[in-house]
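Presented below is the structure to which this report refers.
2 protein chains.
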Amino acid sequence: MSELTERQKVILSLVVHEYVRTANPVGSKNLVKHYHLDYSSATVRNELAALTEAQYLSQPYTSAGRVPTEKGYRFFVSGLIQMRELPEETRHMIEHQFSQAQQGMDGWIKLAASILADQANAISVVSAPLPNRTRVKYVSLISITSKQILMILVLEGGQMQQRFMFVNETMTQGQLNEIAETLNRMFEGRNSEEIRVTAKHLPSMGNVADEIVRTLLNTLYDTDALQTGEVYTDGINKVLAEPEFSDSEEARRTLRFLDEKPLLQNFLSKTTREQKVGGVQVFFGGDGLLKDIANCSLVVARYGMQGVATGTIGVLGPMRMAYSKNIPTVRFLAGILSDLVSDSSQ
Amino acid sequence: MSELTERQKVILSLVVHEYVRTANPVGSKNLVKHYHLDYSSATVRNELAALTEAQYLSQPYTSAGRVPTEKGYRFFVSGLIQMRELPEETRHMIEHQFSQAQQGMDGWIKLAASILADQANAISVVSAPLPNRTRVKYVSLISITSKQILMILVLEGGQMQQRFMFVNETMTQGQLNEIAETLNRMFEGRNSEEIRVTAKHLPSMGNVADEIVRTLLNTLYDTDALQTGEVYTDGINKVLAEPEFSDSEEARRTLRFLDEKPLLQNFLSKTTREQKVGGVQVFFGGDGLLKDIANCSLVVARYGMQGVATGTIGVLGPMRMAYSKNIPTVRFLAGILSDLVSDSSQ
DNA sequence: GTTAGCACTCAAGGCTTTAGAGTGCTAACG
DNA sequence: CGTTAGCACTCTAAAGCCTTGAGTGCTAAC
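From first to last, the protein sequence lines are chains A and B.
Taken in order, the first sequence gives residues 22 to 367; the numbers are from this note's numbering.
Taken in order, the second sequence gives residues 22 to 367; the numbers are from this note's numbering.
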């Protein structure tokens, strides 16, 4: 675990930069020429050998150029990286798009996914903000037919759930309004556990009302169970252009991972540990656990209001990705989404 | 345009079947051996030559096997095809999954997309059912903070829209309830045009109420503009396994098309013309218009209640797809979705 | 510590060869 | 006349071979 010299750090940075740019193993001569280094290729060769020895770089085959290893990327991102902030005009452009977008969390999330995929030229992954514990904000009951009821549940954090119910007694909209009013008085701001307890110690308000409370609770349980909400994805076609996905088998594995929503949700829910970079975290190679994305990195941040409702936004691409651009982009978009969440939920 | 003989039809069917199975150009000897034909390969060769002459088949290169042309597939699907209905148990399994699924159109659509992608081993495309003309079923106003209002709009056909509003005056939930009640009395069952006219001839009910009506109208307009609703997609990774997508450029073009929601919506909205097969339609090669999917077919059906709310469900895959299985599958799922729509909206 | 020089390695791309599947045509057969 | 066996011909895909060139490690001199 010996320290690297300054020069070695510089060279490691250059190798990462060059490899990200060209996707080809980078050699000593090339490096000297391209970056006008003031020492010779032989010197660089010695340093490369040292970096390879220390496992920051590897060679695809004997006597080829060098490629950063996972360890190399980790070191680069955690220390050497120089962020390339988004240009002012790009920021304005993005903010403008949000200001014009159809209102509502759903639309914002899709917009964020689309913008991120575009900026990073990779797959973007955005999960909806979810109340950390699901609390009821408002219940609304709507009579669809005489024996059919639509329950709309507005939860803190702006999320909504709907359920259809079939009941045995005929109910008018007026009667439903009354029930809804009662429920709102009792349940507003409560979570599933509190509601369950309250409801147990309550005299029955009639068959239908009981049925409604039962359905409401079930809906809350469902919501609680889904720890990370809906996950939106964009930019799949972008990443197929990358050489690491020209092998369609490789591409399939990555896309399979994206379709496995539970896996993805579980993975995103871990967004807290791992190294942090100004709120943005980077997972390399599926954290060693998910071999479907062993060659990919995920740059991800949590957005929203801590303790109220949070979601995640990130970009998934080959490990050879432009971290110095993607990290600021994710950070910026997470900030925008956070503002939108707190505007609409406090 | 001379008629084909019976034998030619049989042979065309076999070529399609074999090519769908193997993805390799199929030759005369192979055909005779595999299907135990009681005439010789030379005879088959003559027939193949005739079919090629008539443009039902083509040769990738001189003296290779035959491959069905678009015309060949069209003819096969419109006349020769023998449907392979879903086995009883598969149907039950699917119905069971729907009965257990989280209620609500959203969930059903995703489930249908997932099942279809799985059954067809291709990309499934499902659009949400949309009222042919958007009519209001119910308006609900919810006070989020004292100057912020959430409007929930339930439309006929089960669709929902939500909007946040910022207003200048402080409004209590009680006041909002009153306004909502008035709006429901006036607007229930009306579409945007009718509401616009009604609202114009109305005395003002106060600043906030006017603002709410304006927002409601805008929301309706937005909804009207989106002719085909949200489109869900599943099974992208499945199709990458097909040899026609091993060229990643080809795959990218197809996926690009899927990301172009407007294109896709526009295309799905054409589901009415073209050849019909028991309610299911088949588009070959993007109908000549969309060259991004020139090598793909789309098997698609409209579901829902005619004149009330309809959506589309379909499967997109290489033109070399298992039509005899996919068509019944799409038909079956469209039926299930139709039942669900009519259950929840009549 | 740095650098020039040199022999060596090895993938990538181009070229050639080979094998085999498939064709079209002709002539014979019932 | 439709069907079939036989045969010469075509053309791809796969395998093998060669060449090229970027890149290396090592050594010896600066």
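Just so it is clear, CB atoms sit at the ideal spot from N, CA and C, and this is done for glycine as well.
These numbers were taken from a predicted model, which means no experiment stands behind them.
Does the beta carbon of residue i sit closer than 8 Å to a beta carbon anywhere in chain A?
| i | result |
| --- | --- |
| S213 of chain B | no |
| Q196 of chain B | no |
| M22 of chain B | For M22 of chain B, the predicted model reports a pLDDT of 48, less than 50, meaning its position is unreliable and no value from the coordinates is stated. |
| G307 of chain B | no |
| M207 of chain B | no |
| L358 of chain B | no |
| Q296 of chain B | The pLDDT assigned to Q296 of chain B is 41, lower than 50, so where the model puts this residue is not dependable, and the model offers no usable value. |
| S363 of chain B | no |
| I173 of chain B | yes |
| P150 of chain B | no |
| G210 of chain B | no |
| G125 of chain B | yes |
| S34 of chain B | no |
| K30 of chain B | no |
| R352 of chain B | no |
Give the interface partners of residue i over in chain A, defined as CB-CB distance under 7 Å, in chain order.
| i | result |
| --- | --- |
| N142 of chain B | By Cβ distance, chain A contributes nothing, its closest Cβ being about 12 Å from N142 of chain B, past 7 Å. |
| N258 of chain B | R273, L276, R277, D280 |
Between the options, which lies nearest to residue i when the distance is taken from Cα to Cα?
| i | options | result |
| --- | --- | --- |
| D280 of chain A | B:Q169, B:R341, B:A134 | B:A134 |
| G128 of chain A | B:L337, B:H55, B:F185, B:D360 | B:F185 |
| E202 of chain B | A:L171, A:N205, A:Q194 | A:Q194 |
| V188 of chain B | B:S148, B:G300, B:N287, B:L162 | B:L162 |
| N228 of chain B | B:V88, B:R42, B:L197 | B:L197 |
| L284 of chain A | A:M172, A:I115, A:Q121, A:D308 | A:D308 |
| S318 of chain A | A:G48, A:H117, A:V41 | A:V41 |
| V147 of chain A | A:I136, A:V157, A:T155 | A:I136 |
| E214 of chain A | A:A122, A:T155, A:L69, A:D313 | A:T155 |
| Q103 of chain A | A:R352, A:Y344, A:I357, A:T26 | A:Y344 |
| F266 of chain A | A:I233, A:T350, A:A315 | A:A315 |
| L289 of chain B | B:V321, B:V36, B:V88 | B:V321 |
| N67 of chain A | A:E91, A:I334, A:G356, A:R28 | A:R28 |
| A85 of chain A | A:K50, A:N239, A:V157 | A:K50 |
| I357 of chain A | A:M114, A:L33, A:M172 | A:M114 |
Taking only beta-carbon positions, decide if residue i is within less than 8 Å of chain B.
| i | result |
| --- | --- |
| F288 of chain A | no |
| Y344 of chain A | no |
| Q183 of chain A | yes |
Given that residue i touches chain B, what residues does it touch there, using C-beta distances under 9 Å?
| i | result |
| --- | --- |
| G300 of chain A | Within 9 Å Cβ-Cβ: nothing; G300 of chain A doesn't reach chain B, min ~26 Å. |
| G100 of chain A | Chain B residues near G100 of chain A: none, gap ~35 Å exceeds 9 Å. |
Name, please, each residue of chain B whose Cβ falls closer than 8 Å to the Cβ of residue i.
| i | result |
| --- | --- |
| S269 of chain A | L261, A262, F266, S267, S269, A272 |
For residue i, which residues in chain A fall below 8 Å Cβ to Cβ?
| i | result |
| --- | --- |
| L137 of chain B | Going along chain A, no residue has its Cβ under 8 Å from L137 of chain B, so there is no contact; the nearest lies around 13 Å. |
| Y324 of chain B | Those within 8 Å of Y324 of chain B in chain A number zero; the least Cβ separation is about 18 Å. |
Is the distance from the Cβ of residue i to the Cβ of residue j below 8 Å?
| i | j | result |
| --- | --- | --- |
| S145 of chain B | T254 of chain B | yes |
| E177 of chain B | A330 of chain B | yes |
| Y82 of chain B | G93 of chain B | no |
| F119 of chain A | L132 of chain A | yes |
| A149 of chain B | I165 of chain B | no |
| Q183 of chain A | G332 of chain B | no |
| D313 of chain A | R277 of chain A | yes |
| P339 of chain A | R105 of chain A | no |
| N142 of chain B | K259 of chain B | yes |
| P46 of chain A | R87 of chain A | yes |
| Q286 of chain B | V252 of chain B | yes |
| L337 of chain A | R273 of chain B | no |
| L35 of chain B | Y56 of chain B | yes |
| L171 of chain A | V160 of chain B | no |
| A44 of chain B | R323 of chain B | no |
| L223 of chain A | Q180 of chain A | no |
| V37 of chain A | L52 of chain A | no |
For a contact defined as C-beta to C-beta under 7 Å, what are the partners of residue i on chain B?
| i | result |
| --- | --- |
| Y159 of chain A | I163 |
| G16 of chain A | Since the first residue shown for chain A is 22 and the last is 367, residue 16 of chain A is missing from the structure and cannot be characterised. |
Next item on the list: Let me know the beta strand (DSSP E) ranges lying completely inside the stretch 175-250 of chain B, each 3 residues or longer, listed in chain order.
Entry: Positions of the beta strand (DSSP E) runs, each at least 3 residues long and wholly inside the stretch 175-250 of chain B, are given as 181-187 in order along the chain.
Checklist line | Segments assigned beta strand (DSSP E), at least 3 residues, entirely inside the stretch 77-115 of chain B | finding: Fully contained in the stretch 77-115 of chain B is no beta strand (DSSP E) run of length 3 or more.
Check: Which residue spans inside the stretch 326-357 of chain B form an unbroken beta strand (DSSP E) run of at least 3?
Finding: 330-339
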